[in-house]
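Here's the structure, in structure tokens; my notes come after.
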Amino acid sequence: MEQADRQDVRSRLQAREQAVAARWLEAIVDTGFVPANLTEVSRQVASWTAQVGDLLAAEAWAPEAARSVGAALGRLHAREAETLAQTLAALGQEILVGMPPGRAAVLQPRLVAILAAIAAGFLQQAQATLLEEQELARDALAVALRRSEARYRAIFQHSALGIALLDMHGRILETNAALHTILGYGAAELRHVPAVGITHPEDVAKTLRFYDEIMSGRRDQGQLVKRYRHQDGQIVYARLSMSLVREDGGEPQFAITLVEDLTARRRAEAERLDAFRGLTARVEAERLRLARELHDGPMQTLLGALGYLGAYERATDQAAARPHLQTARRLVAGVVDMLRTLAGELRPPVLERYGLAAALRSHASEIQAAHPELEMHVDVAPGYRPLPERMELALFRICQEALRNVVDHARARHAWLRLDMEAGGVTLEVRDDGAGFAPPVSLRDLARQGHFGLLSMEERTKAIAGDLTVRSSPGQGTSITVVAPRRRARRAKG
Amino acid sequence: MGTEVTDRITTIRIVIADDHPVARAGFRTLLTTAPDIEVVGEAENGRQAMHMVEELHPDVLVLDMSMPDIEGDEVARRLRAAGLAAPILAFSAYSDDERVFAAVDSGVAGYLLKDEAGEALAAAIRAVARGSRA
Numbered sequence: 016m017e018q019a020d021r022q023d024v025r026s027r028l029q030a031r032e033q034a035v036a037a038r039w040l041e042a043i044v045d046t047g048f049v050p051a052n053l054t055e056v057s058r059q060v061a062s063w064t065a066q067v068g069d070l071l072a073a074e075a076w077a078p079e080a081a082r083s084v085g086a087a088l089g090r091l092h093a094r095e096a097e098t099l100a101q102t103l104a105a106l107g108q109e110i111l112v113g114m115p116p117g118r119a120a121v122l123q124p125r126l127v128a129i130l131a132a133i134a135a136g137f138l139q140q141a142q143a144t145l146l147e148e149q150e151l152a153r154d155a156l157a158v159a160l161r162r163s164e165a166r167y168r169a170i171f172q173h174s175a176l177g178i179a180l181l182d183m184h185g186r187i188l189e190t191n192a193a194l195h196t197i198l199g200y201g202a203a204e205l206r207h208v209p210a211v212g213i214t215h216p217e218d219v220a221k222t223l224r225f226y227d228e229i230m231s232g233r234r235d236q237g238q239l240v241k242r243y244r245h246q247d248g249q250i251v252y253a254r255l256s257m258s259l260v261r262e263d264g265g266e267p268q269f270a271i272t273l274v275e276d277l278t279a280r281r282r283a284e285a286e287r288l289d290a291f292r293g294l295t296a297r298v299e300a301e302r303l304r305l306a307r308e309l310h311d312g313p314m315q316t317l318l319g320a321l322g323y324l325g326a327y328e329r330a331t332d333q334a335a336a337r338p339h340l341q342t343a344r345r346l347v348a349g350v351v352d353m354l355r356t357l358a359g360e361l362r363p364p365v366l367e368r369y370g371l372a373a374a375l376r377s378h379a380s381e382i383q384a385a386h387p388e389l390e391m392h393v394d395v396a397p398g399y400r401p402l403p404e405r406m407e408l409a410l411f412r413i414c415q416e417a418l419r420n421v422v423d424h425a426r427a428r429h430a431w432l433r434l435d436m437e438a439g440g441v442t443l444e445v446r447d448d449g450a451g452f453a454p455p456v457s458l459r460d461l462a463r464q465g466h467f468g469l470l471s472m473e474e475r476t477k478a479i480a481g482d483l484t485v486r487s488s489p490g491q492g493t494s495i496t497v498v499a500p501r502r503r504a505r506r507a508k509g
Numbered sequence: 006m007g008t009e010v011t012d013r014i015t016t017i018r019i020v021i022a023d024d025h026p027v028a029r030a031g032f033r034t035l036l037t038t039a040p041d042i043e044v045v046g047e048a049e050n051g052r053q054a055m056h057m058v059e060e061l062h063p064d065v066l067v068l069d070m071s072m073p074d075i076e077g078d079e080v081a082r083r084l085r086a087a088g089l090a091a092p093i094l095a096f097s098a099y100s101d102d103e104r105v106f107a108a109v110d111s112g113v114a115g116y117l118l119k120d121e122a123g124e125a126l127a128a129a130i131r132a133v134a135r136g137s138r139a
């Protein structure tokens, strides 16, 4: 084309610029995207239009310029392929309007090439943007995953329950610290030992059955109580909860096993059982003592009385035999006394009729009379009010037991009983200045060391929702204190 | 109870063994009304009972079956083993089968409940003494 013609093209294109730009802008906005800064965008579009015009009119042109227009368009609006389509249509239709047909025909191939370059630039930008976005998304996902993983790892590692992840062949993939503690094996060891290797031989069969149930997919979850063998040889009671983890498609991927150590609980139960057996034995021993006392006292005395009565009956000279009758009467009266004493031991009558304070005083003076070397002091606070019979009986028994210990073991010079009432609670204290002892720590030790008295005090205290405190040390005397609420406390939930 | 009467009746000499002194005193007093029975010794445990049988050779041993040191049936067995012939009247506060069978197994000649003693003690002693004088 001649220079003059080119000038003409240029001026015609410039004259069309606004119209084309407007149409182009319309096309962009039409495709659903309303730019926040419409002014700025229309300025850009105007600029692009001018550039395209220049390229069209130029003598020689390079596709890069058109590409960068496409790229700029892509940066504005990369996702909408329609933007590109509309752009190409708008430019294609409008830019040569009003151009003389001869010139238009010459310009047509270049226009096509320019439009192609715009398209290429747009696509490249779109790709680049997409990649960028993908990377950002991947990074964000990675961060989120790391955070989430960190959280799950924390849960896994710091859980108080033992956790193991198993693959569908039953091999251990991962274990946490709690599990290592429960079983006494480290992570590496657990990975290489089969589950049966750490199971108590008698529980192997049921463990295998359980695993099979879950791993075969027949059940998604299950629980099993079993015994493990700790690395140090001890038996560990544990509750297993196993659940299958399935992929979305339903295929089981791996199994999570939670292991709860029941040994501590079982040990506590065994201790209680021991302690109670001891208490039961003591009750039986007490019964035996009573049976013997009844036999050795009232029974034989009555047999003796029968003998005297029989002698009186058979006597030929009944007047001479009168002493036999008197003896028999005396013996029977003696039995009445014995039975009264025994009954009193079984259930103190003073307590029933006159209440705890009177019963304590009466008991203390009985002990004083039987043991002159021990000085008894009873202090009942003026604020003391009678309690329900159940409570008073429990407190009396505890006091009886405590004083029995004082008499039997303490070699004390003084013993103090104190009964007090304050702030909705009752306090009973039995104190002595005798030999003292080292109180054992657990119930089981109490039973083992034969301190059934303390054990029974503990049980009676608990029965009235109270607290028992034993303070003693060798050579320092002993004090036993029971504090209990006046009203039965509301049962704690759970 | 004139001496003539006593001469005509053969006196049954017995040792009574029971660890309860009051009961023992009652039975002894009861037996004073039986002219043909003489209490020649009282024992309060198994060892004493065996000792007295050895020393005094009574006609009958009235033996409490549950004394503290040796069980009554053991005393009976030992006396049998030592060849001491005195028949034994087992005397007990209990009548359960096991005790009775155990006593019989050990060789006692009779078994009497203590609370029936009033009526039957003298008669039982006589029966046991008769039994051995075939």
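Residue numbers (the numbering used here), protein chains in the order written: chain P, 16 to 509; chain B, 6 to 139. In this text, a Cβ means the ideal position worked out from N, Cα and C, and glycines have one as well.
query, result
"Report the three-state DSSP secondary structure of B:TYR116 (helix, strand or coil).", "strand"
"Rounded to a whole number of angstroms, what is the C-alpha to C-alpha distance between P:LEU156 and P:LEU145?", "16 Å"
"Quick one: any contact between the segment 424 to 437 of chain P and the segment 18 to 33 of chain B, if contact means 3 or more CB pairs under 8 Å?", "no"
"Using a Cβ-Cβ cutoff of less than 7 Å, which residues in the same chain neighbour P:GLY533 once the five nearest sequence positions on both sides are dropped?", "Lying outside 16 to 509, the shown extent of chain P, residue 533 of chain P is not represented and no answer is given."
"How about B:MET55 and B:ARG29: are their beta carbons less than 8 Å apart?", "no"
"Among P:GLY449, P:LEU130, P:GLY370 and P:VAL441, which has the Cα closest to the Cα of P:ALA425?", "P:GLY449"
"Mind reading off the beta-carbon distance from P:VAL67 to P:ILE110? Whole number of angstroms is fine, and I expect it under 8 Å.", "7 Å"
"CA-CA distance, P:PRO115 and P:ALA128?", "20 Å"
"Using a C-beta cutoff of 8 Å, does P:ALA320 count as contacting chain B?", "yes"
"Is it buried or exposed for P:PRO124, if we count other Cβ within 10 angstroms and need 16 for buried?", "exposed"
"With a cut-off of 8 Å, does the C-beta of B:HIS25 fall near any C-beta of chain P?", "yes"
"Is there a C-beta anywhere in chain B that falls below 8 Å from the one on P:MET314?", "yes"
"Quick check on B:LEU35 - is its C-beta less than 8 Å from some C-beta in chain P?", "yes"
"Return the Cβ separation of B:ALA108 and B:TYR116 in integer angstroms, given the expectation that the two are a contact with Cβ distance under 8 Å.", "6 Å"
"Going by beta carbon distance, what residues of the same chain come within less than 7 Å of P:PRO500, once the five residues before and after it are set aside?", "GLY439, GLY440 and ALA480"
"Sorted by chain position, which residues of the same chain lie with C-beta nearer than 7 Å to B:ALA139's C-beta, five sequence neighbours on each side aside?", "With a pLDDT of only 31 at B:ALA139, under 50, the local geometry of the prediction cannot be trusted, and the value read off the model is given with reservation. Counting only Cβ-Cβ distances below 7 Å, and skipping sequence neighbours, we find nothing."
"In angstroms, rounded to a whole number, what distance separates the CA positions of P:ALA192 and P:ALA478?", "40 Å"
"Among B:THR38, B:ALA129, B:ASP110 and B:PHE106, which residue has its Cα nearest to the Cα of B:LEU94?", "B:ALA129"
"Flag this pair as yes or no: are the beta carbons of P:GLU286 and P:SER457 separated by less than 8 Å?", "yes"
"Is P:ASP311 close to chain B? Criterion is C-beta to C-beta, closer than 8 Å.", "yes"
"Tell me the rounded alpha-carbon separation between P:ILE197 and P:LEU483.", "34 Å"
"Leaving out the 5 sequence neighbours to the left and right, which residues in its chain are closer than 6 Å to B:LEU118 when beta-carbon positions are compared?", "SER100"
"At a CB-CB cut-off below 7 Å, which residues of chain P make contact with B:THR2?", "The displayed coordinates of chain B run from 6 to 139. Any statement about residue 2 of chain B would go beyond what the structure contains."
"Would you verify that the beta carbon of B:GLY31 is, or is not, closer than 8 Å to some beta carbon of chain P?", "yes"
"Quick one: complete alpha helix (DSSP H) runs, 4+ long, within the segment 42 to 116 of chain P?", "53 to 72, 78 to 92 and 96 to 109"
"Between the Cα of P:LEU273 and the Cα atoms of P:ASP263, P:ALA290 and P:LEU255, which residue gives the shortest distance?", "P:LEU255"
"List, in chain order, every chain P residue whose beta-carbon is nearer than 9 Å to that of B:ASP74.", "Here the premise fails: no neighbours, minimum Cβ distance about 15 Å."
"Give every residue of the same chain whose Cβ lies closer than 6 Å to the Cβ of P:ASP2, excluding the five residues on either side of it in the sequence, and list them in chain order.", "Residue 2 of chain P is absent from the structure shown; chain P starts at 16 and stops at 509."
"So P:SER487 and P:PRO454 are supposed to be a Cβ contact under 8 Å. How far apart are they, rounded?", "6 Å"
"Taking B:GLY123 as the query, report the chain P residues whose CB atoms sit under 8 Å from its CB, ordered along the chain.", "LEU321, GLY322, LEU324, GLY325 and GLU328"
"Determine the direct distance from the alpha carbon of P:ALA86 to that of P:SER62, and round the result to whole angstroms.", "14 Å"
"So what's P:ARG166 in DSSP terms, helix, strand or just coil?", "helix"
"At least one CB of chain B closer than 8 Å to the CB of P:LEU346: is that the case?", "yes"
"Quick one: is B:ASP120 near chain P, going by C-beta distance under 8 Å?", "yes"
"Going along the segment 95 to 114 of chain B in order, which residues come within less than 7 Å of chain P, judged by CB to CB distance?", "ALA98"
"What does the Cβ neighbour count give for B:PHE106, buried or exposed, with the cut at 16 atoms within 10 Å?", "exposed"
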